[in-house]
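Going letter by letter, the sequence shown gives residues 1 to 122 in the UniProt record's numbering. Note that the Cβ used here is the ideal one computed from N, Cα and C, for glycine as well. Structure, as structure tokens:
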Amino acid sequence: MTDFLGSQYGKAIVTNSSMQLLMRQSKAGIDVIMETFKLTEGEKYLLLESAVGEGIFFAGSKHAAIKVVASYVEDQIMTSDPAQLLAIEQSKKEFAQAVARGDVNYEEEKRGHGVRGRYMEE
1 MTDFLGSQYG
11 KAIVTNSSMQ
21 LLMRQSKAGI
31 DVIMETFKLT
41 EGEKYLLLES
51 AVGEGIFFAG
61 SKHAAIKVVA
71 SYVEDQIMTS
81 DPAQLLAIEQ
91 SKKEFAQAVA
101 RGDVNYEEEK
111 RGHGVRGRYM
121 EE
């Protein structure tokens with residue numbers, strides 16, 4: 001973020017936008033962000049300590065703390081958590097193996113009722 005705000009056009013783009021969203025920030029760049037967005041000490045602390053999905057939404061001169069909660073599908077697509085990515089890959093492998101064994105009918109699974117064998121009572 002500090003690289004963008006330090007560029008010729010970056011600060012103009014950010015400050016002329018009618019809405020902005022800031023999520024967790026590093027200590028290294030928080031002072032530039034604090035000055036650019038005219039943050040209070042509380043907002044600065046919020047950005048330094050926020051959890052995944054938490055931040056500040058700016059609409060004009062109004063600031064509001066927010067928490068963005070992803071749906072299950074959005075979370076599966078967007079996650080960058082290494083443990084979660086590993087679990088997703090493992091689930092894909094297990095599903096492919098179940099399809100190969102005939103435990104799952106892929107076309108029926110797409111409609112939500114194709115699980116057989118060890119996955120569901122027959």
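Go ahead and pull the three-state DSSP assignment for residue i.
i	result
Val104	strand
Lys11	helix
Gly60	coil
Ala65	strand
Gly53	coil
Ser71	coil
With a threshold of 8 Å on Cβ separation, who are the neighbours of residue i within its own chain once the five nearest residues in sequence on each side are excluded?
i	result
Ser50	Met23 and Arg24
Ile88	Gln76 and Thr79
Alpha carbon to alpha carbon, how far is residue i from residue j?
i	j	result
Gly60	Gln76	33 Å
Leu2	Val52	A small correction: the amino acid at residue 2 is Thr; Leu does not occupy that position in the sequence shown. Each residue's Cα considered, the two are about 20 Å apart.
Asn16	Leu46	23 Å
Ala42	Phe57	The sequence given here has Gly at residue 42, not Ala. Roughly 14 Å between the two C-alpha positions.
Phe95	Gly102	11 Å
Leu39	Val73	33 Å
Would you give the residue range spanned by the alpha helix (DSSP H) that residue i belongs to?
i	result
Lys44	Glu41 to Glu49
Asp81	From DSSP, Asp81 is part of no alpha helix (DSSP H); its letter is neither H nor E.
Val32	Ile30 to Phe37
For the beta strand (DSSP E) containing residue i, name the first residue and the last one.
i	result
Gln20	Met19 to Met23
For residue i, which residues of its own chain have a beta-carbon under 7 Å away from its beta-carbon, when the five flanking residues on both sides are left out?
i	result
Lys44	Ile30 and Met34
For residue i, which residues of its own chain have a beta-carbon under 6 Å away from its beta-carbon, when the five flanking residues on both sides are left out?
i	result
Lys11	Leu5
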